Each structure stands twice: as structure tokens, then as C-alpha cells.
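Asks:
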Amino acid sequence: MRYSELFISTLKEDPAEAELISHKLMVRSGMIRKLATGIYSYLPVGLKVIKKVENIIREEMNAGGAQEVLLPVLSPAQLWQESGRWALYGEELMRLKDRHQRDFCLGPTHEEVITDLVRQQVRSYRQLPVNLYQIQTKFRDEIRPRFGLMRGREFIMKDGYSFDRDEKGVEVTYQKMYQAYSRIFQRCGLRFKAVEADTGTIGGNFSHEFMVLASSGEEEVVSCRQCSYAVNADKAECRPPQTEPPAFPYAREEAHTPGLKSVPDVAVFLNKPVTVILKTLIIQADNEIILVLLRGDHELHPEKLRKHLNCHEIALADEETVRRVTKAPVGFASPVGIDIHKVIADLTVETMGNFVCGANVEDYHLTDVNWGRDFHIDQFVDIRRVSTQDTCPLCGSGLEINRGIEVGHIFKLGTKYSKMLNATYLDESGQSQIIVMGCYGIGVGRTVAAAIEQNHDQNGIIWPQAIAPYQVLLLPLDVQDKNVLTLVENLYTDLKAAGVEVLLDDREERPGAKFKDADLLGIPLRVNIGARDLAKNQVEIKIRRSGEIFKLVPDDVKNKLMELLGNLS
RNA sequence: CGGGGCGUGGCGCAGCCUGGUAGCGCACCUGCUUUGGGAGCAGGGAGUCGGAGGUUCAAAUCCUCUCGCCCCGACCA
């Protein structure tokens with residue numbers, strides 16, 4: 013491709029709307045352009061990268077035994093009513109009506125459509141297993157679309173669905189998909205972790221999220237430094253503390269703590285470690301007010317609590333409610349003598365004794381408080397956020413916490429949709445059986461964005477070779493010079509003939525401008541061809557990632573490029 | 001949804017408070033000079049100031065409504 017003919021325009025400045033590096037760089041390098049919030053056009057360079065990722069996905073999915081299909085974007089409401097999701101999916105479902113006022117939606121995911129297809133086609137166990145996938149645009153009316161391709165309302169997704177006879181079958185398929193996913197992200201040149209997304213479900217580890225590690229990630233990943241333990245922070249566990257509560261409870265006392273509302277303030281004032289302070293939270297769980305207790309240095313993980321309570325929403329009670337139930341301003345709440353009946357404490361609280369907590373009186377705390385003696389606790393539950401101070405629940409080693417971008421998710425669906433939509437087959441004995449499903453997604457645009465988050469420098473993108481829009485950039489510095497021009501054209505022809513994707517920057521720009529654009533675009537290999545060097549029979553190859561430079565005679569350039577392409581990642 | 005902020009040539013912004021009919025940088029076009037890390041000079045094209053309504057002799061500027069866009073939304077315990 014000749015740059016002069018490429019539909020591209022690069023920007024010197026960051027777009028105002030972009031926050032993330034990947035978003036800024038994708039806009040600046042002319043890969044994407046916004047049409048509306050969370051809705052982007054893919055320009056040629058951007059689309060090229062998208063296609064690269066898609067093809068890697070295709071190859072690995074096919075290798076893993078899946079077959080590609082293409083399902084409609086538009087789907088009739090009936091199907092969604094049948095599965096119950098027309099009512100359940102909520103505002104995120106993009107709904108519309110046709111001219112006859114019939115209800116439709118734009119597919120946010122395709123369980124219904126694929127299950128409908130399979131239930132019509134599959135009659136016998138002989139036809140199973142089936143594993144189908146598609147790469148297609150999805151629509152989700154997100155509450156808060158942001159970060160460019162990272163969280164859009166319209167986005168390209170690979171979604172796959174498997175259909176097996178039974179649990180054993182789906183386990184095999186699941187493992188194949190796990191392997192396929194690992195290879196896909198490896199080939200894309202990403203540093204990632206496959207983390208358990210749902211521990212403790214029937215049958216073991218049957219949901220994994222593939223997380224690309226990046227500080228900008230929206231998810232939190234907890235993993236062990238030693239063993240294979242890796243989970244989403246939502247589900248992270250840790251070893252319960254080994255310490256025992258003190259043998260001798262002291263007599264409870266009151267302490268005057270004027271204006272001290274936070275745990276650290278109280279700890280400093282009373283000259284005690286934060287670990288002997290009890291954190292008392294008044295929580296609104298749907299319509300119920302409950303009391304939640306944590307050690308002073310620990311934080312509540314709302315999602316864990318929400319799951320435990322099996323309710324919809326968890327929030328800190330508002331100030332008014334706190335005043336009403338504690339009869340004190342925010343900051344002095346206490347489980348001692350409070351009129352709340354449901355009291356849940358984190359596991360760690362079990363090991364605490366002679367601790368400090370609020371007094372339900374403004375400017376007062378209580379010291380040497382002990383649970384059991386001074387107040388009642390209903391349940392001890394793991395509800396706190398795991399920290400790097402904690403240890404691995406499996407092996408006891410140290411834990412690390414990283415931020416991650418969820419680029420893929422695989423899970424065993426079971427019979428949820430096949431039951432609802434009546435997708436069955438006849439087994440050997442002529443018995444009707446429900447098909448067991450699995451479901452496998454990859455955010456294609458998000459994977460591209462994640463790749464940039466992991467591969468860039470101050471000057472721009474540094475593409476992993478496998479997903480780079482071009483492998484080689486030919487950069488003639490003097491497009492007027494006959495010798496330069498001849499050499500560059502010959503190289504261009506040769507490389508193309510050798511199957512190398514090459515971009516020739518034939519613009520009559522000054523070298524500086526071309527260099528800047530080259531770095532921004534992030535093509536792995538660049539060939540600088542200038543009249544000055546050429547007079548000395550010399551040409552320069554520069555590696556984008558390392559900055560390494562090779563000076564060679566023109567005749568060696570092609571071979572050196574081919575050699576380098578074989579070694580790059 | 002709640003809170004905050006912003007809409008002015010393709011992009012980034014100033015002008016608004018204190019009304020007088022629009023400006024800067026980048027990009028773009030022409031010419032000359034320049035040419036190894038975003039060149040210089042000269043000339044030029046391009047904006048219903050998001051939209052609607054109102055106040056006024058006069059509105060980018062003041063008022064009302066509306067649409068769009070961006071950011072934040074447990075950490076007080």
C-alpha cells in the first residue's frame with residue numbers, strides 16, 4: 013500500500029474525549045473515528061488490525077473443532093420472550109419495532125438465536141456435539157460507554173456456543189475452548205491470565221475470564237505468586253487469619269474521641285494499631301438495613317456481600333439512616349446496643365478481641381470490646397476485599413493483585429437456555445434429553461485496545477507482529493532523488509511479491525513528519541532510505557519496539573527484513 | 001439515574017463575566033525557500049458559534065427549554 017493512497021489522517025494532538033492511551037492512539041493514528049458515544053467507524057488501518065485478530069480467532073476456533081456461522085443482528089421479540097430475557101435483560105437491550113409494530117431487538121448476545129437454530133437442526137445424539145461461533149457486531153445500550161473500543165454500545169464480538177449430550181461432553185469442549193483461547197491471546201502477543209470467574213459452582217472451575225494485564229483495566233485480578241490460583245477479585249478468597257482471640261477479655265470502657273470519625277484517626281489518637289479497631293458499616297441491602305463488621309484495616313467487597321445475601325443492591329446507608337439507627341452522626345456507629353438485628357462479620361472479626369469500636373454516641377468510642385460478650389454476631393462470612401497482605405487459599409503463598417482487561421470469557425451454561433427453548437435430542441434408547449451448552453466470547457475491538465495498552469511508548473503504538481496492520485514500512489527520505497526512488501520501488505515490489513505486507517510512505521513530507529507518523533502507527537519494521545546514506549551505499553532498518561538500528565548495503569535489505577520478521581514478536 | 005464539566009472551521013482551544021456581528025495553533029490549498037525526528041515566509045479556502053425560543057436597536061456572549069459529548073458515582077465508617 014502506498015501511503016499517499018491510504019485513507020488515513022493522523023493527528024498531532026490527543027482528542028479531547030479520550031482518556032485511555034489506547035483510545036487516544038487509535039484516534040490519533042487514524043484507526044477509528046467516533047460517530048456517537050460508544051459507536052465507532054473502523055478506518056482502513058483499524059479494520060486491518062481487527063481482521064488480523066479475527067483471523068487468529070478463526071484459525072484457533074476452527075482448530076478447536078468449532079465451525080463458523082453468521083447469525084442475524086436483528087431478532088424477533090418472541091424468541092426472547094420464550095427465554096424470558098425480553099423482560100429480564102432490561103434497558104441494555106436495544107429494542108425496536110418494525111412497520112407492523114412488531115417488537116425486535118438488536119442482538120447483545122445470541123444464546124436464543126443459536127439455540128433456536130440448533131433445536132431445529134438437531135434430532136439425534138449422533139449429531140452431537142456441535143460447536144458454532146460467529147464474529148459479529150453486538151449491541152448493548154451500556155449505562156456508561158467509555159474508553160473507545162473498550163466499552164462500546166456497538167462492538168465486534170466473537171461469540172461461540174457449544175452443544176453436548178451431557179456434562180462430560182461439555183467438559184471436553186470447554187477444555188478445548190480454554191486451550192483455543194490461550195493460543196489466541198498468546199498469538200496476539202498479549203500478556204494475560206486466565207482467571208476463575210466462578211469458583212465453587214457445581215463441578216469445579218467452569219467459568220474463566222481471560223484478562224489482559226494492564227493498569228488501565230476495569231477488573232481486578234488476584235493471583236498467587238507461587239501456584240496457579242488466579243481469580244477475579246469479586247470471587248477472591250484468602251486464608252483466614254491463624255490468630256486466636258485474646259484469652260482474657262478486659263472490662264469495656266468508654267473513650268472520648270472528639271471529632272474522630274475514621275479508623276486511622278481513632279487508631280492514632282488511642283495509640284493502637286488499626287487491626288484492633290472494628291469497622292462498623294450500616295448497609296442498605298435492598299430494603300433491609302444490616303450491620304456489617306470488618307477489621308479496621310480491611311475493606312468490604314460489596315459484590316461478595318451481595319452474593320452472600322442474595323440481594324440486588326448493596327449500598328452504604330445514607331447519613332439520615334445512620335443517624336436514625338445509631339442515634340449519632342456518621343463515624344461513631346457501633347454494634348454494641350444497636351437496634352439492628354442482622355449482624356454479619358467478616359471471618360477475620362472472629363479472631364478479634366479487646367477491640368475498639370464506636371459508641372453510638374457522638375465523639376465517643378468504646379475500648380476493650382468483645383463480641384459474644386458485648387454484642388451478638390449472626391454470621392461470620394468472607395466479605396472483605398483481598399489485599400496483598402493476604403495469602404493464597406490454596407498454598408499459603410503471597411498474593412498479587414493486578415488490574416486486567418477482560419478480553420475473553422468462557423463458561424459452561426448447562427441447560428439454562430436449552431431447557432427454556434426446549435432444545436433436545438433423542439439418545440440411544442430413544443429418550444428425549446436436554447442439550448448441555450457452553451458459551452464462549454471474545455471482544456475483538458477490546459482485544460485490539462488491550463494490545464495497545466500493553467504495547468506502546470510515548471511516541472505511539474508498538475504492534476505485536478501478528479496483529480500489525482503492516483509488517484514493514486518503507487520510508488524514503490528524499491522522494492525526489494532518483495536512486496532513492498528506484499531502490500524503494502524495487503524493494504516495494506520485491507517485498508510484496510514475497511507476501512510481506514508493506515506500506516510505502518511515498519508522501520512528499522519532510523523526514524521528521526514521516527518519522528513521527530511511523531512511530532505513531534507502530535509498524536514493527538521500518539526501512540529508512542535517504543540520499544545521503546545511499547551515496548555511501550547504505551540503507552537503515554529500524555525496529556520499532558527496541559529502537560535497534562541495522563545499517564546495510566541495499567542488496568541485503570530484503571533478506572535482513574525476512575530474517576527479522578521471522579524473529580519478531 | 002444522581003453529581004460536575006463542555007459544545008465556537010477537520011482537530012485542539014481563546015473570546016462569554018462586562019452584548020456591538022468571530023479569533024489563535026494544528027491540519028488543508030497555492031507559491032518560493034527548505035529537507036535524517038512534526039520547517040520558514042507570503043498568500044488563500046473553510047465556522048447557521050450544537051439546536052429552538054426569548055430579552056435587546058444589536059446575542060457566541062444574557063434568560064428559558066432542548067439535544068449532544070466528557071468525567072465522577074462504597075471508601076465517611
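Just so we're aligned: the first sequence equals residues 13 to 581 in my numbering. Each residue gets a CB set at the ideal place from its N, CA and C atoms; glycine is no exception. This structure is a prediction, so every number in the text was calculated from the model and none was measured.
(1) Do V130 and V435 count as a contact pair if the criterion is CB distance below 8 Å?
(2) Spatial neighbours of I417 within its chain, please: C-beta separation below 6 Å, excluding the five flanking residues on both sides.
(3) Name, in chain order, the residues that DSSP records as bridge partners for N372.
(4) Taking the alpha-carbon positions, what's the A192 to D493 distance?
(5) In this structure, what does DSSP give as the bridge partners for A267?
(6) Could you say which of T403, S346, T400, G426 lies nearest to F387 if we only look at CA atoms?
(7) Whose C-alpha, out of V39, D153, N143, K319, is nearest the C-alpha of G50?
(8) Among D298, E124, Y482, P314, which has the Cα closest to the Cα of L59?
(9) Indicate the three-state DSSP secondary structure (helix, strand or coil) for S87 in the structure shown.
(10) Under 8 Å between the Cβ atoms of I479 and M169?
(11) Examine the Cβ distances between the stretch 440–456 and the stretch 231–244 and report whether three or more of them are shorter than 8 Å.
(12) Considering Cα atoms alone, identify which of A525, C323, V491 is closest to D518.
(13) On the DSSP letters alone, give me the boundaries of the alpha helix (DSSP H) that S34 sits inside.
(14) Mind the definition here: the stretch 397–415 touches the stretch 74–85 only if three or more C-beta pairs lie below 8 Å; say whether that holds.
(15) So, at 6 Å on beta carbons, what are the nonlocal neighbours of V134 in its own chain, with the 5 sequence-adjacent residues on each side left out?
(16) Taking only the alpha-carbon atoms, compute the straight-line gap between Y54 and K109 and give it to the nearest angstrom.
(17) Residue range of the beta strand (DSSP E) that A357 falls in?
(18) With distance defined between alpha-carbon atoms, name the residue in Q146, T269, V368, P270 nearest to D309.
(19) Just grab the DSSP bridge partners of M169 for me.
(20) Tell me which same chain residues have a C-beta within less than 6 Å of the C-beta of P27, skipping the five on either side of it?
(21) So, does the stretch 519–526 touch the stretch 566–578, judging by three or more C-beta pairs under 8 Å?
(22) Rounded C-beta distance between L161 and R458? I'm assuming under 8 Å.
(23) Determine the extent of the alpha helix (DSSP H) in which D277 is found, giving its start and end residues.
(24) Thinking just about the alpha-carbon of each residue, which of Q198, R237, E325 is nearest to the one in I68?
(25) How is S227 classed by DSSP in three states: helix, strand or coil?
(26) Does the Cβ-Cβ distance between V337 and D351 come in under 8 Å?
(27) Under the assumption that I561 contacts E575 (Cβ atoms under 8 Å), give the Cβ distance between them as a whole number of angstroms.
(28) Any idea if A248 is buried or exposed, counting beta-carbon neighbours within 10 angstroms, 16 or more meaning buried?
(29) Under three-state DSSP, which class holds T213?
(30) From Q93 to G426, what distance separates their C-alpha atoms?
(31) Would you kindly report the start and end of the unbroken alpha helix (DSSP H) that includes L503?
(32) Can you check the stretch 100–164 for any alpha helix (DSSP H) of at least 4 residues that lies completely inside it and give the ranges in chain order?
(33) Going by the CB atoms, is the gap between V278 and H122 shorter than 8 Å?
(34) Do D176 and L144 have their beta-carbon atoms positioned less than 8 Å apart in this structure?
(35) Excluding the five sequence neighbours on either side, which residues of its own chain have a C-beta within less than 7 Å of the C-beta of R156, listed in chain order?
(36) Pull up the CB-CB distance for Y504 and L486, whole angstroms please, since I reckon it's below 8 Å.
Replies: Taking the geometry as given:
(1) The question names Val, yet the displayed sequence has Ala at residue 435. Closer than 8 Å, so yes.
(2) V224, A226, G229, A462
(3) None, per the DSSP bridge assignment.
(4) 50 Å
(5) H377
(6) S346
(7) D153
(8) Y482
(9) strand
(10) no
(11) no
(12) V491
(13) 33–40
(14) no
(15) Y437
(16) 28 Å
(17) 355–358
(18) V368
(19) Q148, G455
(20) V39
(21) no
(22) 6 Å
(23) 275–282
(24) Q198
(25) coil
(26) yes
(27) 15 Å between Cβ atoms; not a contact.
(28) buried
(29) With a pLDDT of only 41 at T213, under 50, the local geometry of the prediction cannot be trusted, and the value read off the model is given with reservation. If DSSP states are grouped into helix, strand and coil, T213 belongs with coil.
(30) 20 Å
(31) 494–509
(32) 123–133
(33) no
(34) no
(35) none
(36) 6 Å
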